[in-house]
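Numbering (the UniProt record's numbering), first residue to last: 1 to 280.
One structure below.
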């Protein structure tokens with residue numbers, strides 16, 4: 001229980017600073033962003049990203065374990081009235097917890113140095129919800145990195161952070177990398193480049209049947225509306241389409257990304273793949 005709490009003032013400089021992080025220019029200047037809700041704040045505290053946290057009294061009592069983790073991580077914890085949380089929050093129905101987190105992006109060169117085996121490259125992805133969801137899919141599939149090109153959305157857009165559901169704190173993400181540099185660097189690191197495109201000449205099922213997907217792979221995903229431009233497609237080792245076996249017109253970006261990433265993950269874990277598992 002939180003007894004006789006002292007609520008932070010709505011006019012506090014800390015509240016004002018947190019509120020400003022809803023805008024990209026302030027996020028870039030301060031290299032801080034907002035994470036909202038118990039899942040995101042918990043992950044931020046667990047993985048070293050949390051700087052401070054604002055919570056309603058009710059949320060602090062309900063999520064006392066998260067409050068404890070935040071304090072253990074060295075983050076400041078501020079109790080606030082619901083109206084203060086609503087003022088800081090970028091959601092219509094705040095969940096009572098808002099974290100201020102430090103930027104987490106990793107230099108592209110550091111990602112290459114790890115010799116990654118599965119990477120998602122977001123080229124020209126403009127919708128923050130899609131960017132966050134693809135990041136979540138990459139995390140779930142066991143990818144070792146995500147790269148956002150300089151033509152893609154801000155990684156720390158509140159919608160992208162929410163859509164990642166905490167995955168933003170789990171794996172290295174490079175931002176602002178020109179697509180040509182991303183592809184060239186990954187190829188030099190021994191990674192095969194596959195461009196995902198509904199009009200691709202290669203079929204994902206055929207790639208799996210031919211056993212070509214067990215090698216280190218980077219999937220390049222394009223814009224939600226028009227896909228990948230020809231010059232980006234030309235950089236890839238192959239342009240692959242997800243087969244449509246039913247009558248659906250197409251798959252949305254996040255769904256296609258999940259299918260592609262899981263296909264690679266499965267192939268890499270199969271016998272002979274670079275993620276093969278020793279039988280017990």
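Ideal Cβ placement from N, Cα and C applies to all residues, glycine included.
Check, Outcome
"Tell me the DSSP bridge mates of residue 78?", "54"
"If you draw a straight line from the alpha carbon of residue 215 to that of residue 122, how long is it in whole angstroms?", "20 Å"
"Using only the alpha-carbon positions, how far apart do residue 115 and residue 192 sit?", "12 Å"
"Need the endpoints of the alpha helix (DSSP H) that residue 126 sits in, please.", "No alpha helix (DSSP H) contains residue 126, which DSSP labels as neither H nor E."
"Checking the sheet assignment: what are the DSSP bridge partners for residue 36?", "98"
"Could you tell me which of 130, 88, 16 and 81 sits nearest to residue 258, measuring between CA atoms?", "130"
"Measuring CA to CA, which of 180, 107 and 167 is closest to residue 234?", "180"
"Checking the sheet assignment: what are the DSSP bridge partners for residue 149?", "177"
"Are at least three pairs of beta-carbons, each pair with one atom in the stretch 196-208 and one in the stretch 144-151, less than 8 Å apart?", "no"
"Assess, as a yes-or-no matter, whether the stretch 24-42 is touched by the stretch 95-105 under the definition of 3 or more beta carbon pairs within less than 8 Å.", "yes"
"Would you say residue 50 and residue 141 are within 8 Å of each other, going by their C-beta atoms?", "no"
"From residue 3 to residue 18, what does the alpha carbon distance come to, in whole angstroms?", "Caution is warranted here: a pLDDT of 44 is assigned to residue 3, below 50, making its placement in the model unreliable, and the coordinate value is therefore given only provisionally. Distance between the alpha carbons of residue 3 and residue 18 is about 25 Å."
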